[in-house]
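Asker: My questions all concern the structure below.
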Amino acid sequence: MKIRLLLLIALLAVVSCASPETAPPDEEAPSGGAEPGGLILTAIPPASSAPLCPDPGTGPGAGLQPAFVTGFEVRQAPQRDEPAARLPFRDPVFGSCLVRVTDRRADLAAGDTSPGLKNEYSRVQSFNADGNLILVRGVDGTWYVYSAATLQPLGQVPLDVEPRWSATNPFVIYYSSETRLMSYDLRTGATAAVHDFIVDAPGAVMVWTRYEGSPSADGRYWGLMAEDENWLASFYIVYDLQTDTVAAARDLRAWPNDEREADSVSISPLGNYFLVQMDKYCDYGQLGTEARPCGLMVYDRDLRNGRGLLRVVGHSDTALDADGREVFVYQDIDTDNLSMLDLQTGTITALWPLDFSHTGFGFHISGRAFDLPGWVVVSTHDGDPISYTWMDDSVFAVELKPGGRVVRLAHTQSLVDENQEHDYWAEPQASVNLDFTRILFTTNWGRSGTGEVEMYMIELPQGWSNQIP
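Structure below.
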């Protein structure tokens, strides 16, 4: 199989008002299936009802939950040594309960050369169906399962790319391997081919979302693309896992090459829309059409009625708004706003302005909290330890309405230098769990250029959104 060298972080990672989506640096497209064997769990460690930071208490991180920080004054991240793994503490500026989950020196399996450990991506759910397990990535493409209760690593799992937890079975992980959708069962350690798309997409060498897509919230519908030997999209596919059928396929092989270059594809949370984030931007003042796709293209689930809804796409995620409508929350490159796009109507709502007058900084958005619709998590990063705006170098929650509430949660302590390729892995890429009580993010704690990253977790109390004025 040909090796595809993906775009380097220097091209796309930390930019100012024109930061399109990025992919891991120099990562090869997968070849071959995962080896059988690996972690076997006879039971999932039960979750603990006790908060990580007792309230009140005498242990590490104990103390009353302070009032949430909702103001917009600039607050600097204090210099401090990196915390020890699995000892909760409170963020010294924002008061949130934090814990470093991983230990890159102790948790990696023998032979794993990964310099660090991280949550996979902002647009990917890291927690399993019942919230008791966490899937963690080694920088070199290895995968580990951790207990969400004890935060201890339970073992390595032999997966290829794009692992996605089953939405209904807490023991099952799906992943992509060449043209096959595979499954791994933590109860038995067995891998199985769920569906081989080679019949549905003749000539394909890979069928996937290209790193960043996720299935619908119920796990039924999957938005995928097939790529040929030249790594051009050859088919768009909507797969129905429940019936093991291809619900729709669109043949792209006759399209011009520049219209077959997609950054990633995905399905919307309720499975109604198929989204394509094109590498090709539309001209200013123009949107894509079925005849000339560019920017963000959205199709109905049957892959018909293609329409361009955005000229160019920055970092983003799908989400549900407070009314349960499917939306796309994104960095609006043309207006320098954090904005929300209604996928049904195409209406764009500006949420918050972005201030790039001091320095360029990168964004990631996570809308994975489908059990608390109307909120997303945003994380930011840059190569300067000084914060110039309230958004800099931090993780915060944003309500999906104009001028909605904002809850500032933590400084990331991560330095991401756009000239350092390894700093891609230090992008926080914060990702939220289903009920918005746990948020994962990655940091190099100032070790720019090393790939030595760790994964942290923020814990929020149940019902926190009702405590915000």
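In my numbering, the protein residues as written are 1246 to 1714. Even for Gly, the Cβ is constructed at its ideal location relative to N, Cα and C. Source: prediction; values computed, not measured.
1) Where Asp1485 and Asn1373 are concerned, what is the direct C-alpha to C-alpha distance, given to the nearest angstrom?
2) So the beta strand (DSSP E) Tyr1456 belongs to, where does it begin and stop?
3) Quick one: grab the DSSP three-state call for Glu1472.
4) What's the C-alpha gap between Val1543 and Ser1367?
5) Report the three-state DSSP secondary structure of Tyr1544 (helix, strand or coil).
6) For the beta strand (DSSP E) containing Ala1595, name the first residue and the last one.
7) Pull up the DSSP beta-bridge partners for Phe1686, would you.
8) Relative to the alpha-carbon of Gly1559, which residue among Asp1581, Leu1565, Arg1683, Asp1352 has its alpha-carbon at the smallest distance?
9) Check whether the Cβ atoms of Pro1360 and Arg1349 lie closer than 8 Å to each other.
10) Beta-carbon separation of Asp1524 and Glu1506 under 8 Å?
11) Which residues mark the beginning and the end of the beta strand (DSSP E) in which Cys1342 is found?
12) Grab me the residues of Pro1275's own chain with a C-beta within less than 8 Å of its C-beta, minus the 5 sequence neighbours each way, in chain order.
13) What does DSSP give as the partner residue(s) for Glu1571 in the beta ladder?
14) With Gly1400 as the anchor, note down where its beta strand (DSSP E) starts and where it stops.
15) Put Asp1496 into one of helix, strand or coil per three-state DSSP.
16) With a threshold of 8 Å between beta carbons, is Val1574 in contact with chain E?
17) Below 8 Å between beta carbons: does that hold for Leu1541 and Leu1565?
18) How would you write the range of the beta strand (DSSP E) that Val1390 sits in, first residue to last?
19) Identify the residues that DSSP records as bridge partners of Glu1672: which are they?
20) Could you give the C-beta distance for Arg1743 and Val1483, rounded to a whole number, given that I count them as a contact under 8 Å?
21) Is it buried or exposed, Ile1631, if we count other Cβ atoms within 10 angstroms and call 16 or more buried?
22) Does the beta-carbon of Ile1703 have 16 or more other beta-carbons within 10 angstroms, so that it is buried, or is it exposed?
23) Is it buried or exposed, Asn1550, if we count other Cβ atoms within 10 angstroms and call 16 or more buried?
24) Does Trp1635 come out as helix, strand or coil in the three-state DSSP assignment?
25) Which residue's Cα is closest to the Cα of His1626: Glu1571, Glu1644, Arg1683, Thr1688?
26) Once DSSP output is grouped into helix, strand and coil, what is the label at His1667?
27) From which residue to which residue does the beta strand (DSSP E) around Arg1409 run?
28) From the DSSP output, in three-state form, read off Asn1582 for me.
29) What residue range does the beta strand (DSSP E) around Tyr1481 cover?
30) Please report how far the alpha carbon of Trp1500 lies from the alpha carbon of Ala1449, in whole angstroms.
31) For Glu1327, which three-state DSSP category applies?
32) Could you give the DSSP three-state label for Ser1509: helix, strand or coil?
33) What did DSSP end up calling Asp1445 once you bin it into helix, strand or coil?
34) In whole angstroms, give me the CA-to-CA distance for Ser1693 and Ala1393.
35) For Thr1460, does the count of other Cβ atoms within 10 angstroms reach 16, so buried, or fall short, so exposed?
36) Do three or more CB pairs link the segment 1320 to 1335 to the segment 1381 to 1393 at distances below 8 Å?
Answerer: This is what the structure holds:
1) Pairing Asp1485 with Asn1373, the inter-Cα distance amounts to about 20 Å.
2) That residue, Tyr1456, is in no beta strand (DSSP E); it is neither H nor E in DSSP.
3) In the structure shown, Glu1472 sits in a strand (DSSP, three-state: E or B).
4) Cα-Cα distance, rounded: 21 Å.
5) DSSP places Tyr1544 in the strand class (E or B) of the three-state scheme.
6) Boundaries of the beta strand (DSSP E) harbouring Ala1595: 1593 to 1598, taken from the DSSP string.
7) Phe1686 has Tyr1701 as its beta-bridge partners, per DSSP.
8) The shortest C-alpha separation from Gly1559 is found at Asp1581.
9) Inclusion of Pro1360 and Arg1349 in the CB contact set at 8 Å is warranted, their separation being smaller than that value.
10) Taking 8 Å as the cut-off, the beta carbon of Asp1524 is found closer than this to the beta carbon of Glu1506.
11) Here the beta strand (DSSP E) through Cys1342 covers 1342 to 1345.
12) At Pro1275 the pLDDT is 46, less than 50, meaning the model places this residue with poor confidence and gives no usable figure here.
13) BP columns for Glu1571 point to Leu1565.
14) Gly1400 -> beta strand (DSSP E) spans 1398 to 1402.
15) Three-state DSSP puts Asp1496 in a strand.
16) Reference to chain E is not applicable here, since this structure consists of a single protein chain.
17) No. Outside cutoff.
18) Start and end: 1388 to 1392.
19) The partner list for Glu1672 (beta bridge, DSSP) is empty, contrary to what the question assumes.
20) This structure does not reach residue 1743, given that the chain is present from 1246 up to 1714, and the question cannot be answered.
21) In summary, Ile1631 is exposed, with fewer than 16 beta-carbon neighbours lying within 10 Å of its beta-carbon over all protein chains present.
22) Within a 10 Å sphere around the beta-carbon of Ile1703 sit 16 or more other beta-carbons, which makes this residue buried.
23) By the Cβ-count criterion, Asn1550 is exposed, with fewer than 16 other Cβ atoms from all chains shown falling within 10 Å of its own Cβ.
24) In the structure shown, the three-state DSSP call for Trp1635 is coil.
25) Of the listed residues, the one whose Cα sits closest to His1626 is Thr1688.
26) DSSP places His1667 in helix when its eight states are reduced to three.
27) Annotation for Arg1409: the continuous beta strand (DSSP E) segment containing it runs 1406 to 1410.
28) In the three-state scheme derived from DSSP, where H, G and I count as helix and E and B as strand, Asn1582 is classed as strand.
29) From DSSP, the beta strand (DSSP E) with Tyr1481 extends over 1478 to 1485.
30) Cα to Cα, the separation comes out at about 15 Å.
31) Reduced to three states, the DSSP call for Glu1327 is coil.
32) In the structure shown, Ser1509 sits in a strand (DSSP, three-state: E or B).
33) Reduced to three states, the DSSP call for Asp1445 is coil.
34) So the two alpha carbons sit approximately 28 Å from each other.
35) Here the sequence assigns Pro to residue 1460, which means Thr is not the residue at that position. With 16 or more other Cβ atoms inside 10 Å of its own Cβ, Pro1460 counts as buried.
36) In short, these stretches do not touch, since the Cβ pair count stays below three.
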